[in-house]
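With the sequence shown counted from 1, adding 169 to any position gets you my numbering.
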Amino acid sequence: MAYKITRKMTMGYLAAIGGAVMSTCAMAQSLPDLHGKSFSFAGFGGDLQKNQDEAWLKPFAAATGVTIDQTDSPNIAALKTQQEANNVGVDVVEIESSTVDGGCGSTFQMVKIDRSQLDPALDHNKCGVPVVKFSFVLAYNSAKFKVAPTSVADFFDVKTFPGVRAAPGGAGNVGLIEPALLADGVEMSNIYPIDLDRAVKKIESVKTSIALKSTFATLQDGLANGEYDMAILPNGRAFNATKTNPDIKVVFNGTVTLYDNLAIPTGAKNVEAATAFLQYVALHSTQSALTERFPYGMGTVGDAPKLDDQAKAFFPDTYGKQLLVQDNKWWQGNDQAVNDRLTALFAQ
């Protein structure tokens, strides 16, 4: 996807979407003139990227005149292959924050931006901008259970909560390890450092009751159409499932909560435009614009976003201390080990 903004398109777009972008237009005086320049944005696709397009990309293009190409975010191995070949094909990537933490200054380049509106609890490196805080919630079909689950740990209680359950099939950091420990009696404050043997043993005890699915879209659709009674999936996907099936409810208590980074790969070809975009997304107003369209959390601090009651029920920050914020440092050093153990477990 690519588009170039003309003056006529800009005025029509600003008029169409009103005040939110008018505030962006007011900020345009502090944004660079990027007419004739371009950059590529690689996101995770789906409804998230569609909403990022409306909340971030189109307003930024309208304010600066830049041309933006969109593509899918490469995995870290593919990105490193591009770098080794001196042929990096993306300028801004959305990627797991732990990956940027570990690759800042090597795989990703440091950026000089004003970080004053970023959440200090999430701003862990000088290469990325924290965005899209999300939780791997326990979503369930309330019509299927006489007693509602109260914790993500209940995913592992097949006696009290029988039924078909599903989880992300990508081994590793997919929201299963920490809830397994909670279900095995570990207090939330003692989850890290993770006892991997104990977590894998708990997952193994219910392995035959879990259907692994390769995409979040499959989990969302299966939950909505009644194929699964409960599932672990990102809160935004659960929110979308309610649009088809209003019986879908969510539990945030104990959910693994993490966030992404926007970062510029080392070797990117359009650093000036990419850096300007990162500065734009480092603004609280920019991140709020996305949250008000799609209930993922923000990497900034400031006024609460304007959400209706349904969106608030699926918004991570509604639940405060119930959330288990992921330990990026632990995952940096252990992601491959977790991946290997879960791959071996589910291959048996």
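Backbone N, C-alpha and C define an ideal beta-carbon position, used for all residues, glycine too.
- Message: Relative to the C-alpha of Tyr428, which candidate in Val369, Glu265, Gln479, Arg334 has its C-alpha closest?
- Response: By 1-based counting over the sequence shown, the position of residue 428 is 259. Shortest Cα-Cα distance from Tyr428 to any of Val369, Glu265, Gln479, Arg334 involves Glu265.
- Leaving out five residues before and five after Glu461 in sequence, what residues of the same chain have Cβ atoms less than 7 Å from its Cβ? Looking up residue 461 in the sequence shown gives position 292. Within the same chain, Glu461 has close Cβ partners Pro474, Lys475, Leu476.
- Task: Provide the residue span of the alpha helix (DSSP H) that contains Thr413, from first to last.
- Result: On the sequence shown, position 244 is the one that residue 413 refers to. Per DSSP, Thr413 belongs to the alpha helix (DSSP H) from 404-413.
- Excluding sequence positions up to five away, which residues of its chain have a Cβ less than 7 Å from the Cβ of Gly214? Taking the first residue of the sequence shown as position 1, residue 214 is located at position 45. Within the same chain, Gly214 has close Cβ partners Asp241.
- Message: Determine whether the beta carbon atoms of Tyr525 and Phe446 lie at a separation below 8 Å.
- Response: Because residue 525 is not part of the residues shown, which for the chain are 170 to 517, the question remains open.
- For Phe463, which of helix, strand or coil comes out of DSSP? Position 294 of the sequence shown, counted from the first residue, corresponds to residue 463. Shown here, Phe463 sits in coil according to DSSP, grouped into three states, outside any helix or strand.
- How close, in whole Å, do the beta carbons of Leu452 and Gln286 come, if the pair is a contact with beta carbons under 8 Å? The residue labelled residue 452 in the question sits at position 283 within the sequence shown. The residue labelled residue 286 in the question sits at position 117 within the sequence shown. Yes, they are in contact, since the Cβ atoms of Leu452 and Gln286 sit about 6 Å apart, within 8 Å.
- Message: Please classify Lys315 as buried or exposed, where buried requires at least 16 neighbouring CB atoms within 10 angstroms.
- Response: Counting from one through the sequence shown, the residue named residue 315 turns up at place 146. Classification for Lys315: exposed.
- Please confirm if the stretch 330-337 is in contact with the stretch 428-441, defined as three or more CB-CB distances below 8 Å between the two stretches. No: the two stretches stay apart, fewer than three of their Cβ pairs being nearer than 8 Å.
- Query: What do you reckon, are the CB atoms on Val147 and Phe208 nearer than 8 Å?
  - Reply: Nothing about residue 147 can be reported from this structure: the residues present for the chain run from 170 to 517 only.
- Message: For Met191, count the other beta carbons within 10 Å of its own beta carbon; 16 or more makes it buried, fewer makes it exposed. Which is it?
- Response: In the sequence shown, residue 191 corresponds to position 22, counting from 1. Below a pLDDT of 50, predicted positions are generally treated as unreliable, and Met191, at 41, falls in that range; no measurement from the model is reported.
- Query: Quick one: what does DSSP say Gln239 is sitting in, helix, strand or coil?
  - Reply: The sequence position of residue 239 within the sequence shown is 70, counting from 1. Gln239 falls in the strand class under three-state DSSP.
- Selection from Tyr397, Asp326, Phe385 that minimises the alpha carbon distance to Leu217: Numbered from 1 along the sequence shown, position 48 holds the residue referred to as residue 217. The residue with the shortest Cα to Cα distance from Leu217 is Phe385.
- Task: Answer with buried or exposed for Lys418, where buried requires no fewer than 16 other C-beta atoms within 10 angstroms of its C-beta.
- Result: For the purposes of this step, residue 418 is taken as residue 249 along the sequence shown, with counting starting at 1. Classification for Lys418: buried.
- Query: Can Ser338 and Lys382 be called in contact, C-beta distance under 8 Å?
  - Reply: Translated into the one-based positions of the sequence shown, residue 338 becomes position 169. Translated into the one-based positions of the sequence shown, residue 382 becomes position 213. In the sequence under discussion, the amino acid at residue 338 is Gly, which differs from the Ser named in the question. Judged by their CB atoms, Gly338 and Lys382 are nearer to each other than the 8 Å cut-off.
- Message: Counting C-beta neighbours from all protein chains within 10 Å, is the total for Glu347 16 or more, i.e. buried, or is it exposed?
- Response: Mapped onto the sequence shown, residue 347 falls at position 178. Answer is buried; the Cβ neighbour count reaches 16.
- Going by alpha carbons, who is nearest to Gly471 out of Ala230, Asp288, Lys412? What you label residue 471 is simply residue 302 of the sequence shown in a count that begins at 1. The candidate whose alpha carbon is nearest that of Gly471 is Asp288.
- Query: What's the gap between the Cα of Ala400 and the Cα of Ala336?
  - Reply: Mapped onto the sequence shown, residue 400 falls at position 231. Mapped onto the sequence shown, residue 336 falls at position 167. A direct Cα-to-Cα measurement between Ala400 and Ala336 gives close to 6 Å.
- Measure the Cβ-Cβ separation of Asp202 and Thr233 and say whether it is below 8 Å. As a first step, residue 202 must be located in the sequence shown, where it is residue number 33. As a first step, residue 233 must be located in the sequence shown, where it is residue number 64. Yes. Within cutoff.
- Task: Flag this pair as yes or no: are the beta carbons of Pro485 and Phe408 separated by less than 8 Å?
- Result: Locating residue 485 in the sequence shown gives position 316, counting from the first residue. Locating residue 408 in the sequence shown gives position 239, counting from the first residue. A distance of 8 Å or more separates the beta carbons of Pro485 and Phe408.
- Short Cβ contact (8 Å threshold) for Val321 with Thr426: Position 152 of the sequence shown holds residue 321. Position 257 of the sequence shown holds residue 426. No; because the gap between Cβ atoms is not below 8 Å, this pair is not in contact.
- Beta-carbon separation of Ala393 and Ala410 under 8 Å? Here the question's residue 393 lines up with position 224 in the sequence shown. Here the question's residue 410 lines up with position 241 in the sequence shown. The answer is yes: Cβ separation under 8 Å.
- Message: What does the Cβ neighbour count give for Ser267, buried or exposed, with the cut at 16 atoms within 10 Å?
- Response: Taking the first residue of the sequence shown as 1, we reach residue 267 at position 98. Classification for Ser267: buried.
- So, using beta-carbon positions, are Val269 and Thr444 closer together than 8 Å? Sequence index remark: in the sequence shown, residue 269 carries index 100 (1-based). Sequence index remark: in the sequence shown, residue 444 carries index 275 (1-based). No. Outside cutoff.
- Query: With DSSP run on the structure shown, which of helix, strand or coil describes Met357?
  - Reply: The residue you call residue 357 lines up with position 188 of the sequence shown. It is helical.
- Query: So, using beta-carbon positions, are Ile237 and Phe277 closer together than 8 Å?
  - Reply: In the sequence shown, residue 237 corresponds to position 68, counting from 1. In the sequence shown, residue 277 corresponds to position 108, counting from 1. In this structure, the beta-carbon distance from Ile237 to Phe277 does not fall below 8 Å.
- Query: Which one of Asn497, Ala308, Gln505 has the shortest CA to CA distance from Ala246?
  - Reply: Counted from its first residue, the sequence shown places residue 246 at position 77. Among Asn497, Ala308, Gln505, the Cα nearest to that of Ala246 is on Gln505.
- Report the three-state DSSP secondary structure of Thr424 (helix, strand or coil). Along the sequence shown, one-based indexing puts residue 424 at 255. Thr424: strand per DSSP, three-state reduction.
- Item | Where Thr319 sits in the DSSP three-state scheme | Here residue 319 corresponds to residue number 150 of the sequence shown, with the count starting at 1. Looking at Thr319 - three-state DSSP - the assignment turns out to be coil, as it is neither helix nor strand.
- Task: Run the CB neighbour count on Ser457, radius 10 Å, all protein chains shown included, and call it buried at 16 or more, exposed below.
- Result: For the purposes of this step, residue 457 is taken as the residue at position 288 of the sequence shown. That one is buried.
- Item | Pick from Ile360, Gln517, Asn508 that is closest to Leu493, judged by C-alpha positions | Working through the sequence shown from its first residue, we reach residue 493 at position 324. By alpha-carbon distance to Leu493, the top candidate from Ile360, Gln517, Asn508 is Ile360.
- Using the DSSP secondary-structure output, state which residues sit across from Asn310 in a beta bridge. The residue given as residue 310 occupies position 141 in the sequence shown. Within the DSSP bridge table, the entry for Asn310 names Ile417 as partners.
- Query: From this set, Leu514, Ser275, Ser358, Thr377, which residue's C-alpha is nearest Phe324's C-alpha?
  - Reply: Here residue 324 refers to the residue found at position 155 of the sequence shown. Closest option to Phe324, judged by alpha-carbon separation, among Leu514, Ser275, Ser358, Thr377: Thr377.
- As assigned by DSSP and simplified to three states, the class of Thr384: In the sequence shown, residue 384 corresponds to position 215, counting from 1. Under the three-state reduction of DSSP output, Thr384 falls in the coil class, being neither helix nor strand.
- Item | Through-space distance from Gly271 to Gln501, alpha-carbon basis | Here the question's residue 501 lines up with position 332 in the sequence shown. Here the question's residue 271 lines up with position 102 in the sequence shown. Distance between the alpha carbons of Gln501 and Gly271: 6 Å.
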